[in-house]
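Note that the numbering used here gives residue 54 to position 70 of the sequence shown, counting from 1, and the numbers run on in steps of one. In this text, a Cβ means the ideal position worked out from N, Cα and C, and glycines have one as well.
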Amino acid sequence: MKKIVWLIACVIMCAMLAGCGGEKKAAGDGKVHIVTSFYPMYIDVINITKGVEGVEVSNMTEPQTGCLHDYQLTTKDMKTLESADIFVVNGAGMESFMGKVIESHKNLKVIDASKWDEIKFIEQDGEPNPHVWMSVTYSMMQVKEIVRELCAADPAHADAYRKNALTYVNRLTDLRHEMHDALDDLPNKDIVTFHEAFPYFAKEFKLNIVSVIEREPGTEPTPAELEKTIEQVNASCTKALFTEPQHSPKAAETIASATGATIYTLDPIVTGEAKETAADDYINRMRANMETLKEALK
-15 MKKIVWLIAC
-5 VIMCAMLAGC
5 GGEKKAAGDG
15 KVHIVTSFYP
25 MYIDVINITK
35 GVEGVEVSNM
45 TEPQTGCLHD
55 YQLTTKDMKT
65 LESADIFVVN
75 GAGMESFMGK
85 VIESHKNLKV
95 IDASKWDEIK
105 FIEQDGEPNP
115 HVWMSVTYSM
125 MQVKEIVREL
135 CAADPAHADA
145 YRKNALTYVN
155 RLTDLRHEMH
165 DALDDLPNKD
175 IVTFHEAFPY
185 FAKEFKLNIV
195 SVIEREPGTE
205 PTPAELEKTI
215 EQVNASCTKA
225 LFTEPQHSPK
235 AAETIASATG
245 ATIYTLDPIV
255 TGEAKETAAD
265 DYINRMRANM
275 ETLKEALK
């Protein structure tokens, strides 16, 4: 029923805006140029725009940038945005540079993927944790928000956007069912993660984050923080530590040595090459995370 309501709302919005015509294209080549802020948004957008002629998608940041915590815009980034018609961002504070973008590119259409009404943010130090895409449910909501705004900004391609979005949301729905079947009945639910990328993932699959190794990626934990994590691991049922492929496992190795825990890898899906084959990357990597958890928590 929710799917039908969403589609009807999209159709009505796009029909209302269809007579408005497209905006003048920033690059002047007649194409719709969509830029994404980082890899998770790129995956969503290339699924929504798949096979749509006259639409070009690029990712602003380099393949190994990772999460955009404290990211500083480069001259190359600003030039990329100059030729963009639409800029798709995660929102929720992930892109802290947005003030500069809006000030410098006043006519740029910005789509905030986290503005879907049903997304309930988890707060961290009084601010929303921005890693909402790590919930499969919220990832679907981000896709719906992106397509809703794309229909409004580019009504000429609205039917194709909606069709592609529905196909991708259905695939994500199947993924969510598969992951619940695999993870809901695991005997151990305690995990230690590398940084604060997994609260939404943990909430969706009823996992308990005992401790976080690095609150901010790239900031080594202090000796006191390491000791506290070691105590928490020793006091819990978990003997599994989860690092991320984008960061050094050095701190996790110290904890593992002191506790006898085993190190595994969970991927927050923030790095990757911006190319067509990336369309399946979110689903494939979430399945890999699922298999890792099955092995670690059995």
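Tell me, please, which residues DSSP counts as bridged to residue i.
{"i": "A224", "result": "T246"}
{"i": "D109", "result": "Beta-bridge pairing links D109 to no other residue."}
{"i": "I193", "result": "I175"}
{"i": "T20", "result": "N43 and V72"}
{"i": "K282", "result": "Answer is none; K282 lacks a bridge partner."}
{"i": "K361", "result": "This structure gives no information on residue 361, because the portion of the chain shown stretches from -15 to 282."}
Does the Cβ-Cβ distance between residue i and residue j come in under 8 angstroms?
{"i": "Y184", "j": "M118", "result": "yes"}
{"i": "T45", "j": "S21", "result": "yes"}
{"i": "Q48", "j": "T255", "result": "yes"}
{"i": "V116", "j": "I95", "result": "no"}
{"i": "A258", "j": "S42", "result": "yes"}
{"i": "S195", "j": "V217", "result": "yes"}
{"i": "C221", "j": "N268", "result": "no"}
{"i": "L170", "j": "K282", "result": "yes"}
Going by alpha carbons, who is nearest to residue i out of the options?
{"i": "T151", "options": "K173, H231, V131 and K282", "result": "V131"}
{"i": "A287", "options": "V254, F81 and V85", "result": "The question about residue 287 has no answer, for the chain in this structure spans -15 to 282."}
{"i": "G35", "options": "V19, A149, P114 and F81", "result": "A149"}
{"i": "H53", "options": "N218, N172, H179 and H17", "result": "H179"}
{"i": "I197", "options": "K190, T227, A186 and K173", "result": "T227"}
{"i": "A97", "options": "N91, I175 and I70", "result": "I70"}
{"i": "V16", "options": "D101, P114 and Y145", "result": "Y145"}
{"i": "A186", "options": "D13, V94, C135 and I106", "result": "I106"}
{"i": "I175", "options": "K212, V153, L191 and P229", "result": "L191"}
{"i": "N91", "options": "A235, E133, L65 and E102", "result": "L65"}
{"i": "V29", "options": "T203, C221 and V19", "result": "V19"}
{"i": "K93", "options": "G110, K104, A235 and C135", "result": "C135"}
{"i": "E237", "options": "P205, S88, Y266 and A258", "result": "P205"}
{"i": "V153", "options": "S232, K278 and Y266", "result": "Y266"}
{"i": "A142", "options": "K278, G38 and D13", "result": "G38"}
{"i": "K234", "options": "V217, T203 and K212", "result": "T203"}
{"i": "M124", "options": "E211, P171 and I103", "result": "I103"}
{"i": "L250", "options": "K63, E211 and T177", "result": "T177"}
{"i": "V127", "options": "E87, D109 and K147", "result": "K147"}
Assuming residue i contacts residue j under a Cβ cut-off of 8 angstroms, what Cβ separation, rounded to an integer in Å, is found between them?
{"i": "I27", "j": "A262", "result": "6 angstroms"}
{"i": "I239", "j": "I214", "result": "6 angstroms"}
{"i": "P24", "j": "N74", "result": "7 angstroms"}
{"i": "P252", "j": "A181", "result": "4 angstroms"}
{"i": "W100", "j": "E129", "result": "4 angstroms"}
Any heavy atom of the ligand GDP closer than 7 angstroms to the Cβ of residue i?
{"i": "I95", "result": "Ligands are entirely absent from the displayed structure, and the ligand GDP is therefore not among its contents."}
Give every residue of the same chain whose Cβ lies closer than 6 angstroms to the Cβ of residue i, excluding the five residues on either side of it in the sequence, and list them in chain order.
{"i": "E7", "result": "Residue placement at E7 cannot be trusted, given a pLDDT of 49 that sits under 50; the coordinates are not used to answer."}
{"i": "E260", "result": "none"}
{"i": "C51", "result": "V254"}
{"i": "Q230", "result": "G50 and T255"}
{"i": "H89", "result": "L65"}
Grab me the residues of residue i's own chain with a C-beta within less than 8 angstroms of its C-beta, minus the 5 sequence neighbours each way, in chain order.
{"i": "V120", "result": "L156, L159, R160, M163, E188 and M270"}
{"i": "L57", "result": "F81, K84 and V85"}
{"i": "T246", "result": "K223, A224, L225, A240 and A280"}
{"i": "E40", "result": "K15, V16, H17 and I18"}
Residues in the same chain with beta-carbon distance under 7 angstroms from residue i, minus the five sequence neighbours each way, listed in chain order, please.
{"i": "G5", "result": "Any reading at G5 must be qualified, since the residue scores a pLDDT of 42, below 50, and its modelled position is unreliable; no value is offered."}
{"i": "D264", "result": "none"}
{"i": "A166", "result": "M274 and K278"}
{"i": "A76", "result": "S98, F105, P112, P114 and V116"}
{"i": "D61", "result": "M44"}
{"i": "Y122", "result": "I103, V116 and Y184"}
{"i": "T276", "result": "Y248, T249 and L250"}
{"i": "A272", "result": "D251"}
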